[in-house]
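Single-structure report; data block below.
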Amino acid sequence: MKAKPRIAIYKMSSCAGCQLEFLNLEPVLLDVVGALDFSYFVMARRGNLPGPYDIGFVEGAITCGEEIEKLKQARKDCKMLVALGTCACYGGLPSIKNWVPQRVVEGLVYSDLSAIHSTKAYSIDQYVEVDAFLKGCPVNKDELVEFIKGALLGIRPYLRPHSVCVECKLHENVCLFTSKGEVCMGPVTTAGCGALCPSNAKACDGCRGPANDANTESLAHAFLAHGLHKNDIIRKFRKFAGLTPEFSKGVEVV
Amino acid sequence: MAMARSVGTLASLALLPKTDLKGLVERLMGEFTVVGPVPKGKEYVFSPIQSAGDLALDYGTTILPPKKVLHQPFEVLFSFHETEGICEAREPERKQILFGLHACDVYAIQILDRAYTLEYPDPYYGIKRQNTLIIGLNCHQVGPTCFCQSMGTGPGMRQGYDLLLTDLGDQYLVEVGSSSGEALAAALQLFPAPRVMLVEKEKRLDEVRRKFHKRLQTTGLHELLEDNFRHPVWEQLMHQCLACGSCTMVCPTCFCYNVVDKLDLGLKSGKRQREWDSCMLLEYAQVALGHNFRKDRDARIKQRVYHKLVYYEPQFSTIGCVGCGRCISACVKKIDFTETIAILRGE
Ligand code: SF4
Ligand code: SF4
Ligand code: SF4
Ligand code: SF4
Ligand code: SF4
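Residue numbers (this note's numbering), protein chains in the order written: chain A, 1 to 254; chain B, 255 to 601.
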């Protein structure tokens, strides 16, 4: 029998919510543990084992030199490297600091800056080659499982590339935009979350980053037409994936 | 008994006092799953009802068309197993009634019937369709985006129903449209109506016909579109359109779907599923090795509009848009192809 793939889970600048989703896979957790060998998973086990690993999941944005080193080592240690969640894919929430001078933003959080030497928050593919991107804040559990199955079979998993609106309509939600007069990032955001927020009557915040044909300029114009303030529009596009070319274009419009 | 027989011989017309509607629906619910319009927020959706009181028969339109009952947004086609093979474990479908459908949606189901039951019969659609009766309801109001009148599909329903209701104030006129409808009318023991009630019905429909805000001029439409394949309007739409897919997701005549296998984690068994797909999405026309036949958004917008207004005709002998207006109301950018056609006509 083929040996179980050895898995490593790394944490960079993040809230640990994405790796927690592995443990939240309760209904299939035993199957997952049966199929994978979690050799390095600091949140979940004692006595973590050294590499090499078959698949490395990297959670978090890269925000300092130590993380760059750790990431490069991870790349060497893993056959397949996966960006786990929006921080690793796009910079995520930590990247909201990128538009404020570094020293100013550090001063907002820390009183003693002598030991702080952070960089701008970047996605991991700014530094190393990445084999797969699992979007979401946090990652979607179903997609995570689809990815694992694909990896076990050596096939490309089906991860939705289109807009959140598709899933939102498949679930027949009342549209926040056209029916409730709210604004929603769904039309330009990648689906795969099951339109989680609109299904709970909350507008999509864009946490999964740009969809495959995101027309952010046009959506920014729709936001303006809805009377949204320029700064609010900028915040919308910069909240999770402001570094991407697509979401930057939304900012440029206003 | 005598009354039932007289409806049978009258064969097409009956009256239903509105006060009797609740009782009628409850009797139907004894034998059928009744699916009708119910409120959801400020909108309406088709849903199986639990009691007659759930029905919101004054609805304008629904988010998704009743198509969703016959061709479901997500559907498991079969399950498969490494050793046991394919298992078509379909539950026996209960007979159902689609209640209170408007003319555009009934016409759209007839288009789907052609697409899914003739040249390439789709067993999943077919079995549901066989088990479904349609009780139509003629519209007495016109929504802001409706243009069925232009497409010749409404507001008065002409065919495709088993029974048809028209609101005449304190009663409904009931017309029979099929032998199943006739049997249903007989079983329900409705009061026969004199034919003169049809005049009353037409009067009501004429009032409705005067209320339309949107029009689409269909004469010479094929030539118009064929001559204007490179008109600048397509590029303008390309800049506006978000490629979000909503317009096609809500369309009652769109029939495209994607098929996905969902394996269980043991990798020995799984399910084959399908879900609605849309030609507005970038990946729709992408093939192996990555080539995409409709990479540009304007090409996709044209595919949708031309498919509805030109390409259906030779295949299904009807125009592919029923004028329900859902694609317009669902579009965040208010893209409206009745306006596009008017621009092409230089109006
Ligand atoms: S609520 Fe948002 S995601 Fe849903 S259809 Fe409307 S715009 Fe799209
Ligand atoms: S609806 Fe939008 S914000 Fe909510 S989980 Fe999905 S992508 Fe993220
Ligand atoms: S709903 Fe509107 S914006 Fe979305 S794909 Fe259709 S035309 Fe484009
Ligand atoms: S194209 Fe639009 S108006 Fe025509 S049937 Fe489809 S959703 Fe309705
Ligand atoms: S090709 Fe497009 S417009 Fe035509 S049925 Fe399919 S999704 Fe609808």
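Cβ coordinates follow ideal geometry from the N, Cα and C atoms, glycine included.
Per DSSP, what are the beta-bridge partners of B:W530 in this structure? Paired residues: B:Y511.
Say whether chain B places a C-beta atom closer than 8 Å to the C-beta of A:Y110. No - not a single Cβ of chain B is within 8 Å of the one on A:Y110.
Inter-residue spacing [alpha-carbon to alpha-carbon] between A:F41 and A:I9: Going by the C-alpha atoms only, they are around 5 Å apart.
Hey, B:G423 and B:G579 are a contact pair by Cβ (cut 8 Å); roughly how many whole angstroms apart? Incorrect: roughly 26 Å between the Cβ atoms, too far for contact.
For B:H493, return the contacting residues in chain A, with the cut-off set at a CB-CB distance below 7 Å. Per Cβ cutoff of 7 Å: S218.
Could you name the residues whose beta carbon sits closer than 5 Å to any heavy atom belonging to ligand 3, keeping them in chain order? Here the list is B:C495, B:L496, B:C498, B:S500, B:C501, B:M534, B:C585, B:K587 and B:I589.
Using only CA atoms, which one of A:E182, A:C64 and A:V251 lies nearest to A:I116? The shortest C-alpha separation from A:I116 is found at A:C64.
Kindly indicate if chain B contains any beta-carbon less than 8 Å away from that of A:N24. For A:N24, no Cβ of chain B is located within less than 8 Å of the residue's own Cβ.
Please name the residues in the region 286–314 of chain B whose beta-carbon is closer than 8 Å to at least one beta-carbon of chain A, in chain order. Those residues of the region 286–314 of chain B that come within reach of chain A (Cβ to Cβ, closer than 8 Å) are K294, G295, K296, E297 and V299.
Between the region 526–541 of chain B and the region 478–490 of chain B, do three or more beta carbon pairs fall short of 8 Å? In this structure the region 526–541 of chain B does not touch the region 478–490 of chain B; the number of beta carbon pairs closer than 8 Å is below three.
Distance cutoff 8 Å, beta carbons only. Does A:E172 sit that close to anything in chain B? Closer than 8 Å to some Cβ of chain B, the Cβ of A:E172 qualifies, so yes.
If you follow the alpha helix (DSSP H) that A:K79 is in, where does it begin and where does it stop? Membership of A:K79 in any alpha helix (DSSP H) is not indicated; the residue belongs instead to the beta strand (DSSP E) covering C78 to L84.
With a cut-off of 8 Å, do at least 3 Cβ pairs link the region 19–29 of chain A to the region 67–74 of chain A? Contact fails: fewer than three Cβ-Cβ distances are below 8 Å.
Tell me the rounded alpha-carbon separation between B:T617 and B:L563. Residue numbering for chain B in the displayed model covers 255 to 601; residue 617 of chain B lies beyond these limits and cannot be assessed.
Pull up the distance between the alpha-carbon of B:I303 and that of B:S432, whole angstroms please. Cα-Cα distance, rounded: 24 Å.
From the DSSP output, read off the bridge partner residues of B:P293. Answer by DSSP bridge pairing, in chain order: B:Y298.
Identify, in the order they occur along the chain, each residue of the same chain with its Cβ nearer than 8 Å to the Cβ of B:T371, setting aside the five sequence neighbours on each side. Excluding sequence neighbours, B:T371 sits near Y379, G380 and R383.
So if I threshold CB-CB distances at 7 Å, which residues from the region 534–548 of chain B count as touching chain A? Listed in sequence order: L535, L536 and E537.
Can you tell me the Cα-Cα spacing of A:K161 and B:T407, whole angstroms? The residue asked about is misnamed: residue 161 of chain A is Pro in this sequence, not Lys. Approximately 36 Å, taken between the alpha carbons.
Cβ of B:C505 versus every heavy atom of ligand 4: is any distance shorter than 7 Å? Yes, ligand 4 has a heavy atom inside 7 Å of this Cβ.
B:C575 vs B:M411 beta-carbon contact at 8 Å: Contact: no.
Identity of the residue in B:P293, B:L318, B:R558 and B:V586 nearest B:I573 by Cα: Considering only alpha carbons, the answer is B:R558.
Residues of chain A with CB under 8 Å from B:S583, in chain order? Neighbours of B:S583 on chain A, chain order: T178.
Every unbroken beta strand (DSSP E) inside the region 346–416 of chain B [3 residues or more]: Fully enclosed beta strand (DSSP E) runs of 3 or longer: 350–355 and 386–391.
How would you label B:D416, buried or exposed, when you count the other beta carbons within 10 angstroms and need 16 or more for buried? Classification of B:D416: buried, given that the 10 Å Cβ count is 16 or more.
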